[in-house]
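The sequence shown begins at 2 in the numbering used here and counts up one residue at a time.
A virtual CB, placed ideally from N, CA and C, is assigned to each residue, including glycine.
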Amino acid sequence: MDYSKFVGKLFRLCQLGRKVEKSIYTQQYELMLEILRNARKTAGISQAELALRLDLTQSKVSKCEVGERRLDFIEVREWCRAIGLPLTTLLDEIEVGISRLEAMKASLRKPAKKRTRKAQQ
């Protein structure tokens with residue numbers, strides 16, 4: 002089988018399934034970035050200072066904070082250590098935030114209750 006035809010067929014097969022949203026584009030990921038950004042600012046650490054602590058450029062720190070570059074779990078751990086935020090605190094704050102997001106979404110999905118004739122009389 003021709004390699005290009007095989008790749009094309011594989012691509013089409015993959016497209017048939019439900020598309021999974023990449024975590025970098027989810028509200029939960031955005032929430033994590035917001036928590037990290039706020040913790041850095043609260044600690045009085047600039048992006049440039051954080052970059053020095055992580056041995057990165059300020060540009061990479063900025064790209065991570067706005068979601069242009071994805072942080073993996075180990076990088077998140079290092080990031081937390083560099084800003085003095087316990088990883089467990091970050092996880093707790095993410096869980097609280099996600100619970101709030103889910104509660105908001107659930108409340109928006111609930112249909113309005115229909116009034117019965119007895120309630121109207």
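Just checking, does the region 58–72 make contact with the region 89–109 on the three C-beta pairs under 8 angstroms criterion?
-> no
So is V67 in contact with chain D if we call contact Cβ pairs under 7 angstroms?
-> In the structure shown, chain D does not exist; there is a single protein chain.
Among the residues of its own chain, which have a CB less than 7 angstroms from the CB of L51, if the five just before and after it don't count?
-> R41, V62, A83, I84
6 angstroms Cβ shell around R70 - same chain, five flanking residues per side excluded | Close CB contacts of R70 within its chain, under the 6 angstroms cut and outside five residues either way in sequence, are with K64 (chain order).
In three-state terms, what does DSSP make of K111?
-> coil
Is Q48 buried or exposed, if buried means 16 or more other CB atoms sit within 10 Å of its CB?
-> buried
Taking all protein chains shown into account, do 16 or more other C-beta atoms lie within 10 angstroms of the C-beta of I36, making it buried, or fewer, making it exposed?
-> I36 is buried by the Cβ-count criterion.
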